[in-house]
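Novice:
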């Protein structure tokens, strides 16, 4: 079972796949664009103030070392130390408050054609799509949304405080047990982005992430329609082993007798970019390693290790899961 212990190469591969797709300074959403503009304005204002103070210090130290009169010193303190910072901060605050309705567009959220319900769990993400027309569609550890169409997220937690964040699309929002928070996002560019949990939530907090995929509207609707029906490979032979070894008591797979609700929905696992909530690339080898050594890959997770199973059975189950497109 030594092959299940090698995680470094897979982790590096996954990290390189998300390189350049997680920065708040590379906005791909309307809300993230405003946050980026606010950042650059505040950075520029801070730079101007810093350069001004530095210039005054250099001038005093190198060119004008004479002692100032008390009246002149008081005037410099008043205008440079009180009036100028106060006016600058008030302008920046007013601009930030002016941006707030756009950063948290709750008034427009009611007009969203799609609502995505996200529930944070230790240490994975439950995802349910609730379109305006059609049945809800369950998924896990991946969020897809159409470009150019506003989406409302309803955010919950089943255990501890988590925080939902897709840096290139918008700001973060906490997921609090017993409370439902709302977040509205508008993606403006297609792409694949990495979303981390932004609030410490336990042992594997750093290993709790998801992939966010912004798609063209027609492609998204075709994908959502395919997700609403069982995968073509749901009846393949590996499914019998999946059920025989008890995996179906925790996981749900549409079109099979696997009806578990404790772990992530695996109905279309093969179509997702990652496994293990964003920590491994979605390959047959990675799925097999996660089945055999889940406690090593994600400490503190509720899934037990199945390294007692015959390697051939693990490989067969992994191949079947990868086939659920």
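Residue numbers (the working numbering): 123 to 447. Think of the CB as a built atom: it goes at the ideal place given N, C-alpha and C, for glycine as much as any other residue.
1. Are the CB atoms of residue 421 and residue 279 nearer to each other than 8 Å?
2. Closer than 6 Å by C-beta to residue 440: which residues in its own chain qualify, once you throw out the five before and the five after it? Chain order, please.
3. Ignoring anything shorter than 3 residues, give me the beta strand (DSSP E) runs that lie fully in the segment 172 to 246, in order along the chain.
4. Just list the residues that DSSP pairs residue 261 with in beta bridges.
5. Count the other CB atoms, across all protein chains shown, that sit within 10 Å of the CB of residue 302; report buried if there are 16 or more and exposed otherwise.
6. Which residue or residues does DSSP assign as beta-bridge partners of residue 274?
7. Alpha carbon to alpha carbon, how far is residue 205 from residue 147? Give it in angstroms, no decimals.
8. Under the assumption that residue 447 contacts residue 355 (Cβ atoms under 8 Å), give the Cβ distance between them as a whole number of angstroms.
9. Could you tell me the distance, in whole angstroms, from the CA atom of residue 361 to the CA atom of residue 442?
10. Using the Cβ count rule (16 or more neighbours within 10 Å means buried), how would you classify residue 189?
11. Taking all protein chains shown into account, do 16 or more other C-beta atoms lie within 10 angstroms of the C-beta of residue 243, making it buried, or fewer, making it exposed?
12. Name, in chain order, the residues that DSSP records as bridge partners for residue 333.
13. Output the boundary residues of the beta strand (DSSP E) element that contains residue 285.
14. By DSSP, does residue 145 sit in helix, in strand, or in coil?
15. For residue 396, which residues does DSSP report across the bridge?
16. So, with DSSP's three-state summary, where would you put residue 381?
17. From which residue to which residue does the alpha helix (DSSP H) around residue 429 run?
18. Using DSSP with H/G/I as helix, E/B as strand and the rest coil, what is residue 151?
19. Just checking my contact of residue 414 with residue 427 at CB under 8 Å: how many whole Å lie between their CB atoms?
20. Within this structure, are the beta carbons of residue 307 and residue 273 separated by less than 8 Å?
21. Just curious, the alpha helix (DSSP H) that residue 364 is in, first and last residue?
22. Residue 288 and residue 298 - do their beta-carbons sit closer together than 8 Å?
23. Can you tell me whether residue 132 is helix, strand or coil according to DSSP?
24. Among 247, 241, 221, 253, which has the Cα closest to the Cα of residue 234?
25. For the beta strand (DSSP E) holding residue 387, just list the boundary residues, first then last.
26. So, helix, strand or coil for residue 344, using DSSP?
27. At what residues does the alpha helix (DSSP H) containing residue 417 begin and finish?
28. Just to confirm, is the Cβ distance from residue 249 to residue 349 under 8 Å?
29. For the beta strand (DSSP E) that residue 281 lies in, which residues bound it at each end?
Specialist: Taking the geometry as given:
1. Within the chain shown, the letter at position 299 stands for residue 421. Within the chain shown, the letter at position 157 stands for residue 279. The Cβ atoms of residue 421 and residue 279 do not sit closer than 8 Å to each other.
2. Along the chain shown, read from residue 1 onward, the residue named residue 440 stands at position 318. When the five nearest sequence neighbours on each side are left out, the beta carbons in the same chain lying within less than 6 Å of the beta carbon of residue 440 are those of 406, 409, 410, in order along the chain.
3. If you keep only unbroken beta strand (DSSP E) runs of at least 3 residues inside the segment 172 to 246, you get 236 to 243.
4. As a first step, residue 261 is located in the chain shown; it is residue number 139 there, counting from the start. Paired residues: 249.
5. The sequence position of residue 302 within the chain shown is 180, counting from 1. Classification of residue 302: exposed, given that the 10 Å Cβ count is below 16.
6. Counting from one through the chain shown, the residue named residue 274 turns up at place 152. Its beta-bridge partners are 237, 306.
7. Counted from its first residue, the chain shown places residue 147 at position 25. Counted from its first residue, the chain shown places residue 205 at position 83. Computed Cα separation, rounded: 31 Å.
8. Sequence index remark: in the chain shown, residue 447 carries index 325 (1-based). Sequence index remark: in the chain shown, residue 355 carries index 233 (1-based). So it is a contact: roughly 7 Å between Cβ atoms.
9. Position 239 of the chain shown holds residue 361. Position 320 of the chain shown holds residue 442. Roughly 7 Å between the two C-alpha positions.
10. Your numbering for residue 189 matches position 67 in the chain shown. Per the 10 Å Cβ criterion, exposed.
11. Against the chain shown, residue 243 aligns to sequence position 121. Residue 243 is buried by the Cβ-count criterion.
12. For this step, residue 333 is matched to residue 211 along the chain shown. DSSP output for residue 333 lists 264, 316 as bridge partner(s).
13. Counted from its first residue, the chain shown places residue 285 at position 163. From DSSP, the beta strand (DSSP E) with residue 285 extends over 284 to 286.
14. Your numbering for residue 145 matches position 23 in the chain shown. When secondary structure is reduced to three states using DSSP, residue 145 falls in the coil class, being assigned neither helix nor strand.
15. Residue numbering aside, residue 396 sits at position 274 when the chain shown is read from its first letter. Partner(s): 403.
16. By one-based count along the chain shown, residue 381 stands at place 259. Residue state, collapsed to three classes: strand.
17. Taking the chain shown and counting its residues from 1, one reaches residue 429 at position 307. Segment: none, residue 429 is in no alpha helix (DSSP H) and carries neither H nor E.
18. By one-based count along the chain shown, residue 151 stands at place 29. Collapsing the DSSP output to three states places residue 151 in a strand.
19. To locate residue 414, count along the chain shown from 1; it is residue 292. To locate residue 427, count along the chain shown from 1; it is residue 305. At roughly 6 Å, the Cβ-Cβ gap stays under 8 Å, so residue 414 and residue 427 are in contact.
20. Start at 1 with the first residue of the chain shown, and residue 307 comes out as number 185. Start at 1 with the first residue of the chain shown, and residue 273 comes out as number 151. A contact, by the Cβ cut-off of 8 Å.
21. The residue labelled residue 364 in the question sits at position 242 within the chain shown. Run containing residue 364: 360 to 366, per the alpha helix (DSSP H) assignment.
22. As a position in the chain shown, residue 298 is number 176, starting the count at 1. As a position in the chain shown, residue 288 is number 166, starting the count at 1. No, Cβ-Cβ distance for residue 298 and residue 288 is not below 8 Å.
23. Translated into positions along the chain shown, residue 132 becomes position 10. Note that residue 132 scores a pLDDT of 39, beneath 50, so its modelled location is shaky; the value from the coordinates is reported in the next line. Helix at residue 132.
24. The residue given as residue 234 occupies position 112 in the chain shown. Cα-wise, what sits closest to residue 234 is 253.
25. Numbered from 1 along the chain shown, position 265 holds the residue referred to as residue 387. That residue, residue 387, is in no beta strand (DSSP E); it is neither H nor E in DSSP.
26. Position 222 of the chain shown holds residue 344. Residue 344 falls in the helix class under three-state DSSP.
27. Residue 417 sits at position 295 when you count from the first residue of the chain shown. Taken as a continuous stretch (DSSP letters only), the alpha helix (DSSP H) holding residue 417 covers 416 to 419.
28. Sequence index remark: in the chain shown, residue 249 carries index 127 (1-based). Sequence index remark: in the chain shown, residue 349 carries index 227 (1-based). Not closer than 8 Å, so no.
29. On the chain shown, position 159 is the one that residue 281 refers to. Taken as a continuous stretch (DSSP letters only), residue 281 belongs to no beta strand (DSSP E), as it is neither H nor E.
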